[in-house]
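Participant: The structure's right below; bear with me while I get my questions together.
Residue numbers (the numbering used here): -16 to 112.
Spelled out as structure tokens, the structure:
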């Protein structure tokens, strides 16, 4: 039997649902589906706007979803931008490395083979081409 842990402050904010704008988007990234080494938080001021402010946190040693310092900094960032809504995926949604920045466009990340043939939203393997 798996013991369920209590939700984080961030998860509680996300569970409140849509409460208007500004809106904070929270996305976790990692080398596989079990360890988040990066989190990106973006702020949208209104519905049709692009993400305005963006901040990223990384950790080589801890899972960023459980790091209290990072969690507190994320909450502070969200408060600083008066975000009324927090939207967050319930899973790690891809590799922490950025295409073009960390590896060539159109290729798979050489450091994170787990994501090479996976759908980033479901985590399921993609059908063979």
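Even for Gly, the Cβ is constructed at its ideal location relative to N, Cα and C.
If you're wondering where the values come from, they're calculated on a predicted model, not measured in any experiment.
Give the single residue among 101, 70 and 74 whose Cα lies nearest to the Cα of residue 27.
Facilitator: Of the listed residues, the one whose Cα sits closest to residue 27 is 70.
Participant: Is there at least one Cβ from chain C nearer than 8 Å to residue 10's Cβ?
Facilitator: Within the model displayed, chain C is absent; a lone protein chain is all it includes.
Participant: Can you tell me which of 89, 86, 87 and 78 puts its alpha carbon nearest to the alpha carbon of residue 104?
Facilitator: Of 89, 86, 87 and 78, the residue nearest in Cα terms is 78.
Participant: Is the beta carbon of residue 85 closer than 8 Å to that of residue 92?
Facilitator: Contact flag set, yes.
Participant: Report the partner residues of residue 13 according to the DSSP bridge assignment.
Facilitator: Residue 13 is not bridged to any residue.
Participant: Give the secondary structure of residue 57 by DSSP, where H, G and I count as helix, E and B as strand, and everything else as coil.
Facilitator: Helix.
Participant: Terminal residues of the continuous alpha helix (DSSP H) containing residue -3?
Facilitator: Start and end: -8 to -2.
Participant: Report yes if the CB atom of residue 19 is closer than 8 Å to the CB atom of residue 25, and no otherwise.
Facilitator: Contact: no.
Participant: Tell me the DSSP secondary structure of residue 36 in three-state form.
Facilitator: Three-state DSSP puts residue 36 in a strand.
Participant: What residues are listed by DSSP as bridge partners for residue 25?
Facilitator: Bridge partners of residue 25: 8 and 37.
Participant: So what's residue 63 in DSSP terms, helix, strand or just coil?
Facilitator: If DSSP states are grouped into helix, strand and coil, residue 63 belongs with the helices.
Participant: Please list, in chain order, all residues of the same chain as residue 2 whose beta carbon is under 6 Å from its beta carbon, the five residues on each side excluded.
Facilitator: 67 and 68.
Participant: Mind checking residue 6: buried by the 16 CB within 10 Å criterion, or exposed?
Facilitator: So residue 6 counts as buried.
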